[in-house]
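Peer 1: Dumping the structure here so I can ask a few things about it.
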Amino acid sequence: MYKIFFKDRVTVLTDRISEDLSSHFGSILKYANKGELAQFIDNFDKDENIKSAFVYHHNLRELMQQFRSCFKNLPAAGGLVWNEQKTAFIGMKRLGYFDLPKGKVEKHETHEDAAIREVEEECNIQDLTILSKAIITYHTYKLKGENILKETHWYEMIYRGSAIPQPQTEENIESVFWVRPDELAALLKTTYPSIIEVLKSSSVRLFDFDDDIS
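Next comes the structure, spelled out in structure tokens:
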């Protein structure tokens, strides 16, 4: 199953529709061809009253490839960065939303290298170590009239440095700060569904959540 977020709405790609279908979906498509899929995506994108949609096909890999082909694809990477005790992680405010450090993968750069570089640049810190790969998230947006699908590879990291994280303001980051799990609930009210997916994937259980699509 893949979840592709359109801001706060989601399209789910699945090869197990009977297991994955939620009770409150707004639209559903059995994949037949790319043209029909592209029209389905366009309709979902335009109709903001539809909060969740499902597309199913017996070959999930093929379905994802066809979905990708409807967008310009942008690879990205980011980090869920813990202190050494794993009692707090780095969060940020970007354009008024709670976010995590992430950014575009440059040419000839690995996802791991990009994730570390983006955290270093956006938080002005070094001494980072990747612990494990966390999750891959997908979200769409428009840039100069073009439909973009951003695929972000996330990694859990440890920060062992002594410098206080500072925001990279030229990337529209307003502030960078440490977040304890008991402070998270208020921040979740102003974040993106894809960020919630990253937090769900953490090796530390950060909050109680409903696995169903909201």
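Residue numbers (my numbering): 110 to 323. We treat Cβ as the ideally placed atom computed from N, Cα and C, and that holds for glycine. Note that the coordinates shown come from a computational prediction; the quantities given were computed from them, not determined experimentally.
#1: Let me know the secondary structure DSSP gives L209 once reduced to three states.
#2: Consult DSSP for A186 and reduce its assignment to one of helix, strand or coil.
#3: Is V214 helix, strand or coil when you go by DSSP?
#4: Can you grab the Cα-Cα spacing for the pair W191 / I245, in whole Å?
#5: Apart from the five residues just before and just after R177, which ones in its own chain have a Cβ nearer than 7 Å to its Cβ?
#6: Under the three-state reduction of DSSP, which class applies to E306: helix, strand or coil?
#7: Can you say whether T261 is buried or exposed, counting buried as having 16 or more other CB atoms within 10 angstroms of its CB?
#8: Mind reading off the beta-carbon distance from A224 to G188? Whole number of angstroms is fine, and I expect it under 8 Å.
Peer 2: Reading off the structure:
#1: coil
#2: strand
#3: coil
#4: 19 Å
#5: L258
#6: helix
#7: buried
#8: 5 Å
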